[in-house]
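As they're listed, the protein sequences go chains X and W. Under the working numbering, the first residue of the first sequence carries the number 1, and numbering increases by one thereafter. Under the working numbering, the first residue of the second sequence carries the number 1001, and numbering increases by one thereafter. The beta-carbon is built from N, C-alpha and C at its ideal position, and this holds for glycine as well.
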Amino acid sequence: MFSGFMINTWVVASIVAATAGLVGFFVVVRGASFAAHALPLSTFPGAAAAALLGVNEIGGLIVFAGFGVIGIHLLGRRGRPEVATALILVLLLALGTLFLSQTREYSQSVYALLFGQVLGVGAADIGPVAVISVLAAAATLVLFRPLLLSSMSSELAHARGVSDRRIDLGFLAILALASSVALPVVGALLAFSLTVGPASAARGLTDRPAVAAALSVAISLVTIWGAIALSYVTDWPVGSFVGVGGAIAYGIGRFRVRFRRMCSAIEA
Amino acid sequence: MSAGLVMVIAPGFFTNGPVHVAIAIGGSAALVSAAVGVFIVMRGQSFAGHALADISSAGGSAAVLFGIRPLFGFLAMAALGAGGMEIIGARRVRERDLVTGIVLGAGLGLTALFLYLDVTSTSATGAAASVMFGSMFAIPPSTIPLVIGVGIIALLASGLLYRPLLLISLDPDLAASRGVSVRWIGLLHLLALALAVSLSAMTIGAILATALLIGPAASALHVARRPGSAILIAALIGLIATWGGILLAYDSFTWTPGHGWPVSFFVVVIIFAFYLVAVSAGRALARDRAVRAGG
């Protein structure tokens, strides 16, 4: 399980999971689940184009993540934001399926890109993934206070001179960076579980923002490590363990909230 | 004249069996999606609609594994997902989105597993692409009566739910005071949604079903003034998009020899174009009305 070719997998997956956990904290606080689901899928045509044209995959992912951010932001101003998110999401996915339909291994590529191919990580991937992840994490930490402020109370944020729209765009960009490195590992669909599951569990366990963010990173790491180990043993796809693991984490967090409420009700 | 027609409609289009099936099934999916989608968009449930369609893919992929009809698989899983969301259900929008996301993640985890088992234990290598992105030209003709039956049930249900849903969407408090159960109507609407997304998942694929559900309805709501006319406009847009998509995909076999372009791609692009037009038309209409009201 820890032999040569698996080391790359462990390193890259850990970096991806730590970033997803940190960014995920704000996804949950800001209620941005749909954007967190849509952005990894927006990067899908990037990977498909890379497969068709043989160009660099990470580059393709980032370019289309950028299209996703701009599309959601621009279209969201002219109507309902969730409709804009949904339509940009399907448009980019449809573009991806067009690219893949011109390759020889249509169905296999669809599967790998949507659900991940954790064992296909190479040593050359570590550098770019680390750089992009550090970038996303650093931006999150720099914007920690304004992000938190604007999600708690937009009036207070306004009073302090924080622009809602600019913060929103900045957050979408961070989310897009984190999504594009997660795609090759856990796949476009389940990158989302890694972002939302651990963070929602962490929020149920503590009320302090910094602790919750740290806890979210920790749970996310445990989830991906468990998923890789189980996937190695059973040969089942890593994404399915991540998806179910995220739901279990959420269940635990929610159970604790209920339990605490019950205890305080009994005491009162 | 006829040469021009051949340019648009490649020879054999009207006599081709798979095309007939695609036209019948795509049309049913478009009509049902329009009736259900308008309320989904009005009530701000686009994410829930998208999530149910995604989750139904677990059923579609399980159907391949157990050798049952894909439509039943999509339907069963979408209905389970609707029930799950309603049971965990949360009132606040943020919490609701989170619950939707968690159920969605778990459902997709199942899809990943079933698709893996499809490839390893049966010889269905094309399952991932056909479940997720649809394969309209590969639907067996024997499915048509079933699809039309499901479509009629969904349309009847939407018709019965029309008035209570309208009341709930516009004024939940008034609805409650008149004895309309918000929770039951909501659940029934989610089940109608499950029927709609299963039909769309059959045609343009589980993750693209959202396009047919949300796109025409949202476009129609930009230009129509009443929900009833919005449903009619949405149905029209949906039909143009699916049938236009089928036609273009049929033509595309001659563009890139050996690789036809996916029907779903054309359907989504046409719907997206309609949305862009509807957004600007809606703004022009609103300006027009403002000018008239002012003058």
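Secondary structure of residue i, DSSP reduced to three states
{"i": "W:Ala1051", "result": "helix"}
{"i": "W:His1259", "result": "coil"}
{"i": "W:Phe1253", "result": "coil"}
{"i": "X:Gly24", "result": "helix"}
{"i": "W:Asp1288", "result": "helix"}
{"i": "X:Asn56", "result": "coil"}
{"i": "W:Asn1016", "result": "coil"}
{"i": "X:Gln108", "result": "helix"}
{"i": "W:Leu1248", "result": "helix"}
{"i": "X:Gly76", "result": "helix"}
{"i": "X:Arg160", "result": "coil"}
{"i": "X:Leu141", "result": "helix"}
{"i": "W:Thr1299", "result": "Residue 1299 of chain W lies beyond the residue range present for chain W, which begins at 1001 and ends at 1295; the question has no answer from this structure."}
{"i": "W:Ala1024", "result": "helix"}
{"i": "W:Ala1175", "result": "helix"}
{"i": "W:Ile1233", "result": "helix"}
Cβ-Cβ distance between residue i and residue j below 7 Å
{"i": "W:Phe1265", "j": "X:Leu92", "result": "no"}
{"i": "W:Leu1199", "j": "W:Val1032", "result": "yes"}
{"i": "X:Thr195", "j": "X:Ala38", "result": "no"}
{"i": "X:Ile252", "j": "X:Val238", "result": "no"}
{"i": "W:Ala1034", "j": "W:Ile1231", "result": "yes"}
{"i": "X:Val185", "j": "X:Ala51", "result": "no"}
{"i": "W:Ile1148", "j": "X:Val83", "result": "no"}
{"i": "W:Ala1209", "j": "W:Ala1201", "result": "yes"}
{"i": "W:Val1131", "j": "W:Ser1061", "result": "yes"}
{"i": "X:Pro81", "j": "X:Leu183", "result": "no"}
{"i": "W:Leu1161", "j": "W:Leu1187", "result": "no"}
Limits of the unbroken alpha helix (DSSP H) element including residue i
{"i": "X:Thr253", "result": "The sequence shown places Gly at residue 253 of chain X, rather than the Thr named in the question. That run of the alpha helix (DSSP H) goes Val238 to Glu267."}
{"i": "X:Ser231", "result": "Pro209 to Thr234"}
{"i": "W:Ile1148", "result": "Ile1144 to Leu1170"}
{"i": "W:Phe1137", "result": "Premise fails: W:Phe1137 is in no alpha helix (DSSP H) and is neither H nor E."}
{"i": "X:Ile167", "result": "Asp164 to Val186"}
{"i": "W:Gly1083", "result": "Pro1070 to Ile1088"}
{"i": "X:Pro146", "result": "Phe144 to Met152"}
{"i": "X:Thr97", "result": "Pro81 to Ser101"}
{"i": "X:Thr195", "result": "Ala191 to Leu205"}
{"i": "W:Arg1183", "result": "Val1182 to Ile1204"}
Buried or exposed (CB count within 10 angstroms, at least 16 for buried), residue i
{"i": "W:Phe1133", "result": "buried"}
{"i": "W:Thr1242", "result": "buried"}
{"i": "W:His1020", "result": "exposed"}
{"i": "W:Trp1261", "result": "buried"}
{"i": "W:Gly1012", "result": "exposed"}
{"i": "X:Glu105", "result": "exposed"}
{"i": "W:Met1077", "result": "buried"}
{"i": "X:Asp235", "result": "exposed"}
{"i": "W:Thr1256", "result": "exposed"}
{"i": "X:Val129", "result": "buried"}
{"i": "W:Leu1165", "result": "buried"}
Chain-ordered chain B contacts of residue i [CB-CB under 9 Å]
{"i": "W:Gly1126", "result": "Protein chains in the displayed structure are X and W, and chain B is not among them."}
Cβ separation of residue i and residue j, assumed to be a contact under 8 Å, to the nearest whole Å
{"i": "X:Ala65", "j": "X:Thr43", "result": "5 Å"}
{"i": "X:Ser240", "j": "W:Ala1128", "result": "Contact flag wrong, Cβ pair sits at about 13 Å."}
{"i": "W:Ala1154", "j": "W:Leu1195", "result": "4 Å"}
{"i": "W:Ala1048", "j": "W:Thr1100", "result": "5 Å"}
{"i": "X:Ala178", "j": "X:Ala136", "result": "5 Å"}
{"i": "X:Gly226", "j": "X:Ser193", "result": "Their Cβ separation, rounded to whole angstroms, is 13 Å, which puts X:Gly226 and X:Ser193 out of contact at 8 Å."}
{"i": "W:Ile1040", "j": "W:Leu1193", "result": "6 Å"}
{"i": "W:Val1263", "j": "W:Ala1249", "result": "4 Å"}
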